[in-house]
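Some notes on the structure that comes next.
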Amino acid sequence: MEFLLYLVLGAAAGVLAGLFGVGGGIVIVPVLVFSFTAQGLDPHVLTHLAVGTSLATIVFTSINSVLEHHRKGAVLWPIFAWMTLGILLGAGLGSLTAAAIKGPVLQKIIGVFAIVIAIQMGFDLKPGALRAVPGKPGLTAAGGVIGWASAIFGIGGGTLTVPFLTWRGVAMQQAVATSSACGLPIAAVGALSFMAIGWHETGLPQWSIGFVYLPAMLGIAFTSMFFARFGARLAHRLPPRRLKRLFAVLLFCVGISFIV
Numbered sequence: 003m004e005f006l007l008y009l010v011l012g013a014a015a016g017v018l019a020g021l022f023g024v025g026g027g028i029v030i031v032p033v034l035v036f037s038f039t040a041q042g043l044d045p046h047v048l049t050h051l052a053v054g055t056s057l058a059t060i061v062f063t064s065i066n067s068v069l070e071h072h073r074k075g076a077v078l079w080p081i082f083a084w085m086t087l088g089i090l091l092g093a094g095l096g097s098l099t100a101a102a103i104k105g106p107v108l109q110k111i112i113g114v115f116a117i118v119i120a121i122q123m124g125f126d127l128k129p130g131a132l133r134a135v136p137g138k139p140g141l142t143a144a145g146g147v148i149g150w151a152s153a154i155f156g157i158g159g160g161t162l163t164v165p166f167l168t169w170r171g172v173a174m175q176q177a178v179a180t181s182s183a184c185g186l187p188i189a190a191v192g193a194l195s196f197m198a199i200g201w202h203e204t205g206l207p208q209w210s211i212g213f214v215y216l217p218a219m220l221g222i223a224f225t226s227m228f229f230a231r232f233g234a235r236l237a238h239r240l241p242p243r244r245l246k247r248l249f250a251v252l253l254f255c256v257g258i259s260f261i262v
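Right under this line is the structure:
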């Protein structure tokens with residue numbers, strides 16, 4: 003029954019990711035927190051377990067996405083390469099930062115982030131393309147900041163990378179594609195770091211490798227890979243602005259519940 007829940011969660015995360023253009027992590031982390039709470043897991047480890055598991059699932063879903071974007075020639079690989087230098091360090095530091103924060107406090111921080119994303123989506127706030135793409139040091143620094151924040155929140159970084167690239171003058175299609183590619187090293191380094199950090203942690207459920215819960219990872223990864231395409235097709239048939247605002251309201255409520 004528990005594994006069925008993760009299959010459903012993966013399907014929902016995939017549809018929402020394809021429908022609204024947000025990473026599945028922004029959906030997966032809150033639902034896993036609620037799920038782990040209902041299972042009676044230790045509140046001091048369940049938020050870290052949700053973040054680590056979310057990052058592990060993104061490894062699988064991003065591979066499929068990157069291959070599709072590469073096939074269309076939309077990934078700007080030079081930008082990806084220099085941002086990844088920063089991402090590798092930033093994601094590792096982000097995992098250590100999250101591990102140093104107590105579970106209930108981390109949950110509130112994620113709640114604030116969910117509210118910020120809800121406001122951005124609800125009002126469709128986008129930065130204007132005012133500047134050129136920065137040089138190699140600038141891209142590496144940006145990758146470090148994005149990797150650090152993404153590892154803390156358990157996301158692939160799309161909600162941060164896409165606005166940054168569009169602000170720096172990159173076309174939206176290429177920004178989304180390059181952001182998708184950047185999500186792979188963020189998720190890989192973040193997931194491995196959470197595994198290592200939580201290796202000797204007590205209070206974790208059976209079938210956990212550090213702060214990654216294998217049944218949830220496998221169930222979510224399996225269905226989200228397929229349903230992301232369905233969500234993308236659905237986005238062309240439904241009124242996206244109204245759906246985006248409804249999702250923003252849901253995300254806002256989740257953020258409030260985490261904080262309260």
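Quick note, the numbering used here runs 2 ahead of the 1-based positions in the sequence shown. All residues carry an ideal CB built from backbone N, CA and C; glycine is no exception. Quick caveat, the model's predicted, so the values are computed rather than measured.
1. Helix, strand or coil for Val214? Go by DSSP, reduced to three states.
2. So what's Gly92 in DSSP terms, helix, strand or just coil?
3. Classify Met123 as helix, strand or coil using the three-state DSSP reduction.
4. Counting C-beta neighbours from all protein chains within 10 Å, is the total for Gln109 16 or more, i.e. buried, or is it exposed?
5. At a cut of 8 angstroms, does the stretch 120-140 reach the stretch 247-254 through at least three beta carbon pairs?
6. Rounded to whole angstroms, what is the Cα-Cα separation between Val178 and Pro136?
7. From what residue to what residue does the alpha helix (DSSP H) around Glu70 run?
8. To the nearest angstrom, how far is it from the Cα of Leu236 to the Cα of Gly16?
9. Can you say whether Arg239 is buried or exposed, counting buried as having 16 or more other CB atoms within 10 angstroms of its CB?
10. Helix, strand or coil for Glu203 per DSSP?
11. How big is the Cα-Cα spacing for Trp79 and Gly94?
12. Using C-beta distances below 7 angstroms, list every residue in its chain close to Pro217, excluding the 5 sequence neighbours before and after it, in chain order.
13. Taking the alpha helix (DSSP H) that Pro139 falls in, what are its first and last residues?
14. Within its chain, find whatever has a CB closer than 8 angstroms to the CB of Trp84; leave out the 5 residues flanking it on each side and keep chain order.
15. Go through its chain and collect everything with a Cβ distance to Pro106's Cβ below 7 angstroms, but skip five positions before and after it.
16. Near Leu57, which residues of its chain fall below 6 angstroms by C-beta distance, leaving aside the five closest residues on each side in sequence?
17. Would Pro1 be called buried (16 or more neighbouring beta carbons within 10 Å of its own) or exposed?
18. Does the stretch 164-174 touch the stretch 64-72, meaning 3 or more C-beta pairs lie closer than 8 angstroms?
19. Taking DSSP as the reference, what is the three-state secondary structure of Met3?
20. Does the distance from the C-beta atom of Gly149 to that of Ile89 stay below 7 angstroms?
21. Check each candidate in Ser181, Gly12, Gly158, Ala153 and name the one with the smallest Cα separation from Pro165.
Quick look at the numbers:
1. strand
2. helix
3. helix
4. buried
5. yes
6. 18 angstroms
7. 45-73
8. 12 angstroms
9. exposed
10. coil
11. 22 angstroms
12. Glu4, Phe5, Tyr8, Trp209
13. 138-155
14. Lys138, Leu141, Thr142, Gly145
15. Pro45
16. Gly156, Ala189, Gly192, Ala193
17. The structure shown does not extend to residue 1, since the chain is modelled only from 3 to 262, so the question has no answer here.
18. no
19. coil
20. yes
21. Ser181
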